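Data block below; observations after.
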Amino acid sequence: MYKIEWDKETGGVILNTRVTNETLGITPRPVFYEELDLLGLNKLGWTYPHTDAPLMWAVNKQYYYRGQRIFETKGANIYSKPTLEFCKDVAPMDLQPVDLESMLAKTSDLMFVLENEAIEFIRDTFTAYSRVNRTFDRADSNQLDFEALAAKAEKKQKQKMAVVKQDCDSFDIMPLETAKSEGKRVLLSTKIDRFIASFSGGKDSQVVLDLCTRAIPPTDFEVIYSDTGYELPPSLELYDEVKRYYKKRFPSLKFHIARNHESVLNYWDKIGTPSDTHRWCCSIMKTAPLYRMLKVEGNKQARVLTFDGVRAEESTRRSGYNRIGKGVKHSTVINASPILFWNSVEIFLYLFRYDLPINLAYRQGMTRVGCLICPFSSEWNDMISSVKYTNKLQPFLYRIESIVRKSGVSDIKEYIEAGNWKRRAGGREIKSDTALVIRSTKPHLVVGVKKNKKNILTWIPAIGKVVGDASRGELFYKGKTYSYSINSESEGGEITFYNTDSEPLLQGLIKRALYKATFCINCEACEVECPTGALKIIPEAIIDRNKCIHCHRCLNFHELGCIVAHSLKITEQNPSKMKLIGYNNFGLNESWLDFFFKNSDTYFSNTDHGLNVKEQLPAFVKWMVHAEILTDTKSKKLSKLGELLKQIYEDNPRLVWEVIWINLAYNSPIVQWYTSSMSFNTDFTESEVRELVKNDFPEASATTVKNVVYALFRTLKESPIGDELKQLEAVEKLSFKREPYEELSREAIAYSVYKYADIKGIKNLRVQDLYGQTSTDGIVSQFGLPKDLFLKALRSLSSDNNRVLVAELNMGLDHITLRDDLTCEKALTILSI
Numbered sequence: 000m001y002k003i004e005w006d007k008e009t010g011g012v013i014l015n016t017r018v019t020n021e022t023l024g025i026t027p028r029p030v031f032y033e034e035l036d037l038l039g040l041n042k043l044g045w046t047y048p049h050t051d052a053p054l055m056w057a058v059n060k061q062y063y064y065r066g067q068r069i070f071e072t073k074g075a076n077i078y079s080k081p082t083l084e085f086c087k088d089v090a091p092m093d094l095q096p097v098d099l100e101s102m103l104a105k106t107s108d109l110m111f112v113l114e115n116e117a118i119e120f121i122r123d124t125f126t127a128y129s130r131v132n133r134t135f136d137r138a139d140s141n142q143l144d145f146e147a148l149a150a151k152a153e154k155k156q157k158q159k160m161a162v163v164k165q166d167c168d169s170f171d172i173m174p175l176e177t178a179k180s181e182g183k184r185v186l187l188s189t190k191i192d193r194f195i196a197s198f199s200g201g202k203d204s205q206v207v208l209d210l211c212t213r214a215i216p217p218t219d220f221e222v223i224y225s226d227t228g229y230e231l232p233p234s235l236e237l238y239d240e241v242k243r244y245y246k247k248r249f250p251s252l253k254f255h256i257a258r259n260h261e262s263v264l265n266y267w268d269k270i271g272t273p274s275d276t277h278r279w280c281c282s283i284m285k286t287a288p289l290y291r292m293l294k295v296e297g298n299k300q301a302r303v304l305t306f307d308g309v310r311a312e313e314s315t316r317r318s319g320y321n322r323i324g325k326g327v328k329h330s331t332v333i334n335a336s337p338i339l340f341w342n343s344v345e346i347f348l349y350l351f352r353y354d355l356p357i358n359l360a361y362r363q364g365m366t367r368v369g370c371l372i373c374p375f376s377s378e379w380n381d382m383i384s385s386v387k388y389t390n391k392l393q394p395f396l397y398r399i400e401s402i403v404r405k406s407g408v409s410d411i412k413e414y415i416e417a418g419n420w421k422r423r424a425g426g427r428e429i430k431s432d433t434a435l436v437i438r439s440t441k442p443h444l445v446v447g448v449k450k451n452k453k454n455i456l457t458w459i460p461a462i463g464k465v466v467g468d469a470s471r472g473e474l475f476y477k478g479k480t481y482s483y484s485i486n487s488e489s490e491g492g493e494i495t496f497y498n499t500d501s502e503p504l505l506q507g508l509i510k511r512a513l514y515k516a517t518f519c520i521n522c523e524a525c526e527v528e529c530p531t532g533a534l535k536i537i538p539e540a541i542i543d544r545n546k547c548i549h550c551h552r553c554l555n556f557h558e559l560g561c562i563v564a565h566s567l568k569i570t571e572q573n574p575s576k577m578k579l580i581g582y583n584n585f586g587l588n589e590s591w592l593d594f595f596f597k598n599s600d601t602y603f604s605n606t607d608h609g610l611n612v613k614e615q616l617p618a619f620v621k622w623m624v625h626a627e628i629l630t631d632t633k634s635k636k637l638s639k640l641g642e643l644l645k646q647i648y649e650d651n652p653r654l655v656w657e658v659i660w661i662n663l664a665y666n667s668p669i670v671q672w673y674t675s676s677m678s679f680n681t682d683f684t685e686s687e688v689r690e691l692v693k694n695d696f697p698e699a700s701a702t703t704v705k706n707v708v709y710a711l712f713r714t715l716k717e718s719p720i721g722d723e724l725k726q727l728e729a730v731e732k733l734s735f736k737r738e739p740y741e742e743l744s745r746e747a748i749a750y751s752v753y754k755y756a757d758i759k760g761i762k763n764l765r766v767q768d769l770y771g772q773t774s775t776d777g778i779v780s781q782f783g784l785p786k787d788l789f790l791k792a793l794r795s796l797s798s799d800n801n802r803v804l805v806a807e808l809n810m811g812l813d814h815i816t817l818r819d820d821l822t823c824e825k826a827l828t829i830l831s832i
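Quick note on numbering: the sequence shown equals residues 0 to 832 in numbering that gives the first Met the number 0.
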């Protein structure tokens, strides 16, 4: 919030409201004697008191004393302490602690403003939503689901809608902009069951808790601490200390600890180590137990307002958060962040100012207090865990070493030191006899399972109404009936859902339900997604069919529908042999191509194109390389074809787009998939396309699929390919179809035939090669050109004086002979220049 400068007089820092020449670019953290002891400074001739006050400050790995840089640390990891590199002319000295009293006096005025604004924010937020509760209870009409009504209105009116409270003690729905202009208070919920302060043992949540006690009556909120099972020992000790401290001041303030029913080490053995891809520990050990604890009558999820310690300074992602947001991590939770714009210095100043206990882990040098070991922790924090909490860390480190050893890594220590264990993507190294195989998706969905953990039908009722028994039955979905049969075997079996290929979203839901039944270990994560209390996981997974509203949240909350299945999944071979390539969520935009052709000589030497050079420009270049207009992404040189298309573009831009689509169909994995997989004159939605892509690219993550399909749709919508070339014709608001493109130019037809032949390495082909049932590439998959129009174009091309091909189409013949001296590019040159 404020700017920070060194204060050599106190050895601390001062705050400023504006940037000066002394402003620090990075927020420092206080350094205490415990950290200096760990670094061994006391063994190098340095002396300092063991005091509560900080002795130095650290900016990243550089350590400062009264504004002077003293040393830098290098090389810390889970097995090794860092080395210290002292600055030139720095000799051992007697360090004096920061004069806390003077530093706090100098910063008191600005901190007063900061903390009082936070208190007002908490009080105002609490007051607004506690009044909402009273309004909600006052009249039956208020108990309508205004949030659902607002969501429906948004879809219908295509604008953001808001729920507001009227003066007459009722709620209303109006456009968000109207609500803002009229000064209405926008509400994210019309009912809050519980107000909580989420305590993690970290400094940020500690400050928020203290602010809440100064803003809200202690009887109106509660404190919840999630014990993940590998909390740092000082975090557990701090929780007990904090609880004693506030219970003495506010006896009515309630404290709770949320824990999963099973130990975290057991989950490590069953699911595998967490990683930057598989962040299962947060969901299973933290979020799920917390929200299971908060359930209200009828096993329903409580509507909760949480005051949290999120700060924008902590990450780029968090810097984009709103101060009040709904569904940030859970659909029924509103997160309010009183200290969103505070920096870490202000946090520590608050703790010093009110003499609040500081987690020992910070004093030992940890930059962020979380779990004992984490795939997102720094090597520095790993080192401190290893040095200070060796015995607690050992069971986890032993499992990591064991898994790495089984994977065949030669230097286990070096592998772990580099943090490579944190990048586990699949379950290949994890022993599991359970398996699920998708055997077919057309026309029937056929799935084989082995040693499934639950009854194979356990989660099918979450999709829709089910009637049947253990061997056959019917599933009702969107007004249609789909039959299924089960062939049971001693260690699993096979289940078939008939004629479901026309409903890719249904197939996706079924697969998720089957993944859950196959891999479920009662981890609790999906239970807290159920809004009605229909789903119970403990002691056994059961769906109450009378309560289930088929919202599909328990199936769609995670990739594959199950955290365990995703963690244990072994990457399958991609049947298309091409891996999906991303385009940063950007399509090939017509205006971008137009500007490029007009300014190709200087396009990459300046920024006149107006594209974001980190996101948009690389995506544009990738599309252009796949269109064969540029040679490669590094040199970005215009290809010979690019030079030709630049000439053609001035008079015949549609031909250029026809050629671009042909080339993308061969070079862009997502376009190749689209042209070979999406039938003509068949309605589909973007979400259905995503589901179909997942089927054919099983190794791609859900995020990758979503982003790549989105980029494809942007290309189709933002260029003539979609509308003029009929590759994406709107049917309804969210529904589209491909239509045969009957106006395809003879130049593009010749180019497509030559391109097909070039790829196949042939000069002679038959019409049947392009129009046969087994053909998956070429002019039919690209444009759906009717055969009679294709034959007409061939006859026309064959009758040219300088003909590029010979077509023999009489007397039952369908032969096409191409010239040996021509390529697709040369043929296009003859026909268009």
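We put the CB at the ideal spot given by N, CA and C, even for glycine.
Computed from a predicted structure; not experimentally measured.
Extent of the continuous beta strand (DSSP E) run through Lys73:
If you number the sequence shown from 1, residue 73 lands on position 74. Unbroken beta strand (DSSP E) run through Lys73: Gln67 to Lys73.
Excluding the 5 residues flanking Thr495 on each side, which residues of the same chain have their C-beta closer than 6 Å to its C-beta?
Residue 495 sits at position 496 when you count from the first residue of the sequence shown. Excluding positions up to five away in sequence, the list reads His443, Val445 and Ser484.
Go through the stretch 427-505 residue by residue and report every complete run of the beta strand (DSSP E) that reaches 3 residues or more, in order.
434-439, 444-449, 465-467, 471-476, 479-488 and 491-496
Does the distance from the CB of Val704 to the CB of Lys716 come in under 8 Å?
As a working mapping, residue 704 is identified with position 705 in the sequence shown. As a working mapping, residue 716 is identified with position 717 in the sequence shown. Not a contact, by the Cβ cut-off of 8 Å.
For Ile191 and Glu119, I'd like the C-alpha separation in whole angstroms.
Counted from its first residue, the sequence shown places residue 191 at position 192. Counted from its first residue, the sequence shown places residue 119 at position 120. Computed Cα separation, rounded: 20 Å.
Apart from the five residues on each side of it in sequence, which residues of its chain come closer than 6 Å, Cβ to Cβ, to Ile778?
Locating residue 778 in the sequence shown gives position 779, where the first residue counts as 1. Shown here for Ile778: same chain residues with a beta carbon closer than 6 Å to its own, the five before and five after excluded, namely Ser751, Leu769 and Leu784 in chain order.
Is it buried or exposed for Ala469, if we count other Cβ within 10 angstroms and need 16 for buried?
Along the sequence shown, read from residue 1 onward, the residue named residue 469 stands at position 470. So Ala469 counts as exposed.
Following the continuous beta strand (DSSP E) through Gln95, name the residue where it begins and the one where it ends.
Within the sequence shown, residue 95 is the residue found at index 96, counting from 1. Run containing Gln95: none; DSSP gives neither H nor E here.
Could you pull out every residue in the same chain whose Cβ sits closer than 8 Å to the Cβ of Glu523, ignoring the five residues on either side in sequence?
The sequence position of residue 523 within the sequence shown is 524, counting from 1. Correct list, in chain order: Asn259, His260, Ile283, Ala287, Pro288, Arg291, Ile536 and Ile537.
Extent of the continuous alpha helix (DSSP H) to which Thr681 belongs
Residue numbering aside, residue 681 sits at position 682 when the sequence shown is read from its first letter. From DSSP, Thr681 is part of no alpha helix (DSSP H); its letter is neither H nor E.
Once you ignore the five residues that flank Asn545 on each side, which residues in its own chain have a CB closer than 7 Å to its CB?
Here residue 545 refers to the residue found at position 546 when the sequence shown is read from its first residue. None.
Quick check on the DSSP output: the alpha helix (DSSP H) that includes Lys325 runs from which residue to which?
By one-based count along the sequence shown, residue 325 stands at place 326. Element bounds for Lys325: not the alpha helix (DSSP H) but the beta strand (DSSP E), Ile323 to Lys325.
So, using beta-carbon positions, are Cys547 and Cys525 closer together than 8 Å?
Numbered from 1 along the sequence shown, position 548 holds the residue referred to as residue 547. Numbered from 1 along the sequence shown, position 526 holds the residue referred to as residue 525. Taking C-beta atoms as the reference points, Cys547 and Cys525 fail to come closer than 8 Å.
Quickly, what does DSSP pair Ile541 with across the bridge? List them, please.
As a working mapping, residue 541 is identified with position 542 in the sequence shown. The partner list for Ile541 (beta bridge, DSSP) reads Lys535.
What residues are listed by DSSP as bridge partners for Phe306?
Here residue 306 refers to the residue found at position 307 of the sequence shown. Answer is Ala196 and Ala335.
So, under 8 Å CB-CB, Phe789 and Arg737 are touching, yes? Tell me the CB distance rounded to an integer number of Å.
Start at 1 with the first residue of the sequence shown, and residue 789 comes out as number 790. Start at 1 with the first residue of the sequence shown, and residue 737 comes out as number 738. Not a contact, Cβ separation roughly 17 Å.
For Thr82 and Ala75, I'd like the C-alpha separation in whole angstroms.
By 1-based counting over the sequence shown, the position of residue 82 is 83. By 1-based counting over the sequence shown, the position of residue 75 is 76. Here the alpha carbons of Ala75 and Thr82 stand approximately 8 Å from one another.
Selection from Phe351, Lys269, Ile121 and Ser431 that minimises the alpha carbon distance to Ile323
Within the sequence shown, numbered from 1, the residue matching residue 323 stands at position 324. Among Phe351, Lys269, Ile121 and Ser431, the Cα nearest to that of Ile323 belongs to Ile121.
Any C-beta of chain B under 8 Å from that of Gly297
In summary, chain B is missing from the structure at hand, where a single protein chain is found.
I need the straight-line Cα distance from Arg745 to Glu642, nearest angstrom please.
As a working mapping, residue 745 is identified with position 746 in the sequence shown. As a working mapping, residue 642 is identified with position 643 in the sequence shown. So the two alpha carbons sit approximately 20 Å from each other.
Closest by CA to Thr517, which one among Arg310, Cys550 and Leu559?
Counting from 1 along the sequence shown, the entry for residue 517 is found at position 518. Checking every option, the nearest Cα to that of Thr517 belongs to Leu559.
Tell me which residues share the same chain as Val620 and place their Cβ nearer than 8 Å to its Cβ, disregarding the 5 neighbours each side in the sequence.
Working through the sequence shown from its first residue, we reach residue 620 at position 621. If we look at Val620 and ignore the five residues flanking it on each side, its Cβ neighbours are Leu629, Thr632 and Lys635.
What does DSSP give as the partner residues of Gln61 in its beta bridges?
Position 62 of the sequence shown holds residue 61. Gln61 pairs with Val58 and Glu71.
For the alpha helix (DSSP H) that Gly721 lies in, which residues bound it at each end?
Numbered from its first residue, the sequence shown carries residue 721 at position 722. Pro719 to Asp722 is the extent of the alpha helix (DSSP H) around Gly721.
Pick helix, strand or coil for Asp833, following the three-state DSSP scheme.
Nothing about residue 833 can be reported from this structure: the residues present for the chain run from 0 to 832 only.
When the distance is taken between beta carbons, is Glu34 closer than 8 Å to Arg367?
By one-based count along the sequence shown, residue 367 stands at place 368. By one-based count along the sequence shown, residue 34 stands at place 35. Cβ atoms of Arg367 and Glu34: not closer than 8 Å.
For Tyr648 and Val655, the rounded distance between their alpha carbons:
Here residue 655 refers to the residue found at position 656 when the sequence shown is read from its first residue. Here residue 648 refers to the residue found at position 649 when the sequence shown is read from its first residue. Straight-line Cα distance between these residues: approximately 6 Å.
Nearest-angstrom Cα distance between Phe595 and Tyr602?
Reading the sequence shown from its first residue, position 596 is the one you call residue 595. Reading the sequence shown from its first residue, position 603 is the one you call residue 602. Roughly 6 Å separates the two Cα atoms.
Quick check on this structure: which residue in Ile509, Glu528, Glu690 and Asn451 has the alpha carbon closest to the alpha carbon of Ser489?
As a working note, residue 489 is residue 490 in the sequence shown. Comparing Cα positions, the closest option is Asn451.
Report yes or no: do the stretch 727-734 and the stretch 679-689 share at least 3 C-beta pairs separated by less than 8 Å?
yes
Going by alpha carbons, who is nearest to Ser833 out of Leu456, Asp500, Ile77 and Lys464?
Past the edges of the chain, shown from 0 to 832, lies residue 833, and the structure says nothing about it.
Is the beta carbon of Cys519 sitting closer than 8 Å to the one on Val563?
Along the sequence shown, read from residue 1 onward, the residue named residue 519 stands at position 520. Along the sequence shown, read from residue 1 onward, the residue named residue 563 stands at position 564. Yes, the pair counts as a contact, with Cβ atoms nearer than the cut-off.
Check whether the Cβ atoms of Phe254 and Val222 sit closer than 8 Å, and answer yes or no.
Mapped onto the sequence shown, residue 254 falls at position 255. Mapped onto the sequence shown, residue 222 falls at position 223. In this structure, Val222 lies closer than 8 Å to Phe254 by Cβ.
Would you tell me roughly how many angstroms separate the C-alpha atoms of Ser566 and Asp268, rounded to the nearest one?
Within the sequence shown, the letter at position 567 stands for residue 566. Within the sequence shown, the letter at position 269 stands for residue 268. Each residue's Cα considered, the two are about 12 Å apart.
Enumerate in chain order the residues of its own chain whose CB-to-CB distance from Lys387 is below 6 Å, with the five nearest sequence positions on each side excluded.
Counted from its first residue, the sequence shown places residue 387 at position 388. For Lys387, where only same-chain residues beyond five positions count, the Cβ hits under 6 Å are Gln363.
To which residues does DSSP link Ala826 through a beta bridge?
By 1-based counting over the sequence shown, the position of residue 826 is 827. Its beta-bridge partners do not exist; DSSP assigns none.
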